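**Q** A single structure is presented below for examination.
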Amino acid sequence: SAVISQKPSRDICQRGTSLTIQCQVDSQVTMMFWYRQQPGQSLTLIATANQGSEATYESGFVIDKFPISRPNLTFSTLTVSNMSPEDSSIYLCSVSPGQETQYFGPGTRLLVL
Amino acid sequence: GQQLNQSPQSMFIQEGEDVSMNCTSSSIFNTWLWYKQDPGEGPVLLIALYKAGELTSNGRLTAQFGITRKDSFLNISASIPSDVGIYFCAGPKSNAGNMLTFGGGTRLMVKP
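Chain order of the listed sequences is A and B. Taken in order, the first sequence gives residues 107 to 219; the numbers are from this note's numbering. Taken in order, the second sequence gives residues 58 to 169; the numbers are from this note's numbering.
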């Protein structure tokens, strides 16, 4: 399995600001994903981060609100833009080395005031 | 769309008891995954199942891929306090390669 790190691990932000979350993997992986986990809820896929092209967003998520970068096969960022308290969640990146399994980072806990 | 229904939503058990939780779907899945999420952490993959009828163990954990390919269960034997957490089942979205859909989770609490 891959070793995945995320920065920051947690943050408290003011509404209207933006936060960029970084995800670093210790090996090259083709597939990287970003999830949101709202308080007490399950995981919801935001988008697939594609290396060298625009991310593929799930229904209900848009690039203007959640811009994603994927400059290489070991790194991705997710930005939560123009935040509101409803954006308070855990944001998780994951990677898929194959066989339809995914491994998750430790998550970034975001609280928006 | 595909939905995974996980039950029970929560369990509060005594240390040493066995635990069973399951996941069902109206759609067929070709892979079933079971994850555990500790408080304040990301989900960790416990067991992956790839064949209908497959029974796989990982220590005190045992999971089975249902014959109909529409369900899976996870058993934990002789529970201990560190088993506390949320257990999620997951499976690949149809025609979507490695993208996963998750069940709602089973929150397990263990009383020492």
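Here a beta-carbon is modelled for each residue, glycine too, at the ideal position from N, C-alpha and C. Everything numeric in this text was worked out from a predicted model, so none of it was measured.
(1) Which residue or residues does DSSP assign as beta-bridge partners of D117(A)?
(2) Could you say if the stretch 198–214 of chain A and the stretch 130–142 of chain B meet the contact criterion of at least three C-beta pairs nearer than 8 Å?
(3) Using the C-alpha atoms, what's the distance from V186(A) back to Q120(A)?
(4) Are the Cβ atoms of R237(B) and A105(B) separated by less than 8 Å?
(5) So which residues of chain A does P96(B) contact, with C-beta pairs closer than 8 Å?
(6) If you measure between the beta carbons of G161(B) and L198(A), is that distance less than 8 Å?
(7) Since S129(B) sits in a beta bridge, which residues does DSSP pair it with?
(8) Please list, in chain order, the chain E residues whose beta carbon lies closer than 7 Å to that of M166(B).
(9) Evaluate the contact criterion for the stretch 137–157 of chain A versus the stretch 178–185 of chain A: three or more CB pairs, one atom per stretch, below 8 Å.
(10) From T123(A), L151(A), Q130(A), T126(A), pick the residue whose C-alpha is nearest to that of Q78(A); which is it?
(11) Does the beta-carbon distance from A120(B) to L131(B) come in below 8 Å?
(12) So L118(B) contacts chain A; which residues on that side make the cut at Cβ distance below 9 Å?
(13) So what's P48(A) in DSSP terms, helix, strand or just coil?
**A** So, from the data block:
(1) L216(A)
(2) no
(3) 12 Å
(4) This structure cannot speak to residue 237(B), because chain B is shown only from 58 to 169.
(5) By Cβ distance, chain A contributes nothing, its closest Cβ being about 11 Å from P96(B), past 8 Å.
(6) no
(7) C80(B), F122(B)
(8) Of the protein chains in this structure, namely A and B, none is chain E.
(9) yes
(10) Coverage of chain A is limited to positions 107 through 219, which leaves residue 78(A) absent and any answer about it impossible.
(11) yes
(12) Residues of chain A passing the Cβ test: none, with the nearest at roughly 16 Å.
(13) Limits of chain A in this structure are 107 at one end and 219 at the other, which puts residue 48(A) out of reach.
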